[in-house]
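Numbering (the working numbering), first residue to last: 19 to 278.
Here is the structure we will look at.
Put into structure tokens, the structure is as follows:
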């Protein structure tokens, strides 16, 4: 499935703060111009995966697809550098639309903070003391006390990142599943995580919050000294990334499961 019926002609270029990326952006702007965000048909994001996430958050209220060109290291969410004819290439791209996780976090001072995550939301201990977390799924207590360094709730798109490094499962994009993965669990000894429907309501309660403070992170937003966290996928928000033919994000996630 293609996003564009005809080659797009109005581009809004962005680049990470890296000399090579800035120069590459300037070269493209000279060739194609740089439309305002309100007139653009597509956002061209030049950078690494971190810059892609930043762009997704910055332009979350715009219904404009994002095509990312890799100037980072891994580049899992990006495409190779363009050699020629950007409009024709973009017409052939395949879209992958992502829904973020929505987090509401209450801190020890009684304040409530909200944040979105396209990659993952995780809790982690702030001190040398292990964290103690109560895990509640759809209003039912599933773990009365999880002793660990932390816990990760990932989107399918983010399942190949921190989740994978914590030995969590890689999840196909269209599976409608979310992996929940502990970080260095101590008790219960045999619990290594769960796969849950994307419609699930997740709640995490900090136990012994004064002795064992916990921070919550949604992509790059960190909230410290949290006592209660609620997370649910927000289907009303959709952001689309564009990928070259035969290099879709879905294919990359499948290939990652067979990588050495």
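The beta carbon of each residue, even a glycine, is placed where N, CA and C say it ideally should be.
Query                                                                                                                                                                  : Result
Which whole-angstrom value is the C-beta distance of residue 172 and residue 138, which I expect to be below 8 angstroms?                                              : 4 angstroms
Have a look at the DSSP bridge pairing and note the partners of residue 251.                                                                                           : 119
Rounded to a whole number of angstroms, what is the C-alpha to C-alpha distance between residue 77 and residue 60?                                                     : 11 angstroms
Less than 8 angstroms between the C-beta atoms of residue 266 and residue 125, yes or no?                                                                              : no
Where residue 85 and residue 163 are concerned, what is the direct C-alpha to C-alpha distance, given to the nearest angstrom?                                         : 43 angstroms
What's the C-alpha gap between residue 222 and residue 247?                                                                                                            : 5 angstroms
Quick check on this structure: which residue in 215, 55, 230 has the alpha carbon closest to the alpha carbon of residue 149?                                          : 230
With a threshold of 8 angstroms, are at least 3 pairs of Cβ atoms found where one atom belongs to the segment 22 to 40 and the other to the segment 199 to 209?        : no
Does the segment 50 to 68 come close enough to the segment 118 to 135 to have 3 or more Cβ pairs within less than 8 angstroms?                                         : no
Output the residue ranges of the alpha helix (DSSP H) runs that lie fully inside the segment 172 to 253 and measure 4 residues or longer, sorted by chain position.    : 180 to 183
Evaluate contact between the segment 129 to 138 and the segment 231 to 245, counting only Cβ atoms and requiring at least three cross-stretch pairs below 8 angstroms. : yes
Looking only at C-alpha atoms, which of 260, 36, 45, 167 sits nearest to residue 102?                                                                                  : 45
Rounded to a whole number of angstroms, what is the C-alpha to C-alpha distance between residue 218 and residue 251?                                                   : 8 angstroms
By a C-beta neighbour count over all protein chains shown, 10 Å radius and 16 as the cutoff for buried, is residue 176 buried or exposed?                              : buried
From the DSSP output, which residues share a beta bridge with residue 41?                                                                                              : Per DSSP, none; premise fails for residue 41.
Just to confirm, is the Cβ distance from residue 151 to residue 169 under 8 angstroms?                                                                                 : yes
Taking just the CA atoms, how far does residue 122 sit from residue 228?                                                                                               : 20 angstroms
Once DSSP output is grouped into helix, strand and coil, what is the label at residue 275?                                                                             : coil
Looking at residue 211 and residue 224, is the spacing between their C-beta atoms short of 8 angstroms?                                                                : no
If you compare alpha carbons, which of 24, 70, 23, 20 is closest to residue 31?                                                                                        : 70
If you scan the segment 91 to 143 from start to end, which runs of the beta strand (DSSP E) of 3 or more residues do you find wholly inside it?                        : 112 to 116, 119 to 125, 130 to 135, 138 to 143
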